[in-house]
Amino acid sequence: MGKASLLALLALLLPRIVMAQGITRADLWGAVSAPAPGPARIVGSTGLGCIAGAVRLPDEGPGWQAVRVSRNRHWGHPAMVSWVQDFAAAARARGFPDLWIGDLSQPRGGPMTYGHASHQAGIDADIWLDLSPKPSVPAVQRENPPVASLVLPDESGVDPARFTDRHAALIRLAAEQRGLDRLLVNHAIKRELCRRHRGEAWLRRVRPWRGHDSHMHIRLPCPAGQAECRGIAPPPPGDGCDASLDWWLTPEARRPAPRAPGPAPQLPAACAGILAAR
């Protein structure tokens, strides 16, 4: 059976699968190759949501090159795709090399089979912190680029042989862009930014999180007019260079307790229609 026939069969069976087995299965969302038709519509949150009317970030453009495009995860709300393009242009204007753009969301958002617990609503994007010159090559040659951590193995700080002023400048440029809600980096990177820039207003948007030692995670607020989108509280006041940052080096943070047993969180009911839409 050819690919077109398989997709046609999936489109026929998907509504029945959704009704029979629920809509939280990541393999169902990952199997859909195109966005749901209609205007942009975000339902739920970045950690439990979906999107209709998503648009795709081109594989490359002025200042960026998308990586791992075979995953089909470069879809997002138009505001997210525009933000990435505008930021890449701003970085290029300041002399940065092309940026590698990792995952945004799947064509209809929803849970992913691997890699992320968020990125479900079209308002998240990963931007790698690799600042090496990048020749223009076909997307197929960008499937498995090398990933270098900027953080020491014990996460007590950044790797001084790799983290530079230019990395700090790129993160600051992103944090100061209009339309940003927050920017996630490894807590060791946040700690280093605090050492260099304590008290500066843009640090409020830079938040520590697990992983994120080789890329920064961009998150936008719910776009205007998206009544079904569920955002989270804004970052607390201040630069975040306080005792809350020290918590990430505690045993509790390093070895988080396993999740309590219980039913898995459920996606909003409206996501069933977005998943099954033809």
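According to mature numbering (1 follows the signal peptide of the UniProt record, and there is no 0), the sequence shown holds residues -20 to -1, 1 to 258 in order.
C-beta: ideal position from N, C-alpha, C; glycine also.
Beta-carbon separation of residue i and residue j under 9 Å?
{"i": "Asn166", "j": "His147", "result": "no"}
{"i": "Val61", "j": "Ala119", "result": "no"}
{"i": "Cys30", "j": "Ala101", "result": "yes"}
{"i": "Leu154", "j": "Met196", "result": "In the sequence as displayed, the identity of residue 154 is Ala instead of Leu. In this structure, Met196 lies closer than 9 Å to Ala154 by Cβ."}
{"i": "Gly242", "j": "Val186", "result": "no"}
{"i": "Trp108", "j": "Gly82", "result": "yes"}
{"i": "Ile103", "j": "Thr26", "result": "yes"}
{"i": "Gly95", "j": "Ala34", "result": "no"}
{"i": "Pro216", "j": "Arg184", "result": "yes"}
{"i": "Leu255", "j": "Ile198", "result": "no"}
{"i": "residue 267", "j": "Ala59", "result": "Outside the modelled stretch of the chain, which goes from -20 to 258, sits residue 267, for which no answer is possible."}
{"i": "Ser194", "j": "Ala128", "result": "yes"}
{"i": "Arg53", "j": "Gln206", "result": "no"}
{"i": "Pro188", "j": "Leu132", "result": "no"}
{"i": "Ala168", "j": "Glu135", "result": "yes"}
{"i": "Pro125", "j": "Trp80", "result": "yes"}
{"i": "Asp7", "j": "Gln157", "result": "no"}
Since I believe residue j is in contact with residue i (beta carbons under 8 Å), could you give me their beta-carbon distance rounded to a whole number of angstroms?
{"i": "Arg122", "j": "Val47", "result": "5 Å"}
{"i": "Arg171", "j": "Gly137", "result": "7 Å"}
{"i": "Ser85", "j": "Trp44", "result": "Actually they do not touch by this definition, with Cβ atoms about 17 Å apart."}
{"i": "Pro77", "j": "Leu111", "result": "6 Å"}
{"i": "Pro42", "j": "Arg72", "result": "6 Å"}
{"i": "Gly24", "j": "Pro248", "result": "4 Å"}
{"i": "Pro19", "j": "Ala257", "result": "Not really, about 13 Å apart at Cβ, beyond 8 Å."}
{"i": "Ile3", "j": "Cys209", "result": "About 18 Å; that fails the 8 Å criterion."}
{"i": "Pro15", "j": "Pro87", "result": "5 Å"}
{"i": "Pro245", "j": "Leu28", "result": "6 Å"}
Would you list the residues sitting across from residue i in a DSSP beta bridge?
{"i": "Ile81", "result": "Ala46, Ile107"}
{"i": "Glu40", "result": "Gln45"}
{"i": "Met196", "result": "Ile107"}
{"i": "Ser25", "result": "Leu28"}
{"i": "Gly56", "result": "Val35"}
Any heavy atom of the ligand SAH within a distance shorter than 8 Å of the CB on residue i?
{"i": "Ala223", "result": "Here there are no bound small molecules, and the ligand SAH is not part of this structure."}
message: Extract the residue ranges of the alpha helix (DSSP H) inside the segment 83 to 168, only unbroken runs of 4 or more that lie entirely within it.
response: If we require 4 residues or more, the alpha helix (DSSP H) runs fully inside the segment 83 to 168 come out as 145 to 155.
task: Could you pull out every unbroken alpha helix (DSSP H) segment of at least 4 residues lying fully inside the segment 175 to 257, listed in chain order?
output: DSSP runs (the alpha helix (DSSP H)) wholly in the segment 175 to 257: 223 to 226, 231 to 234, 250 to 256.
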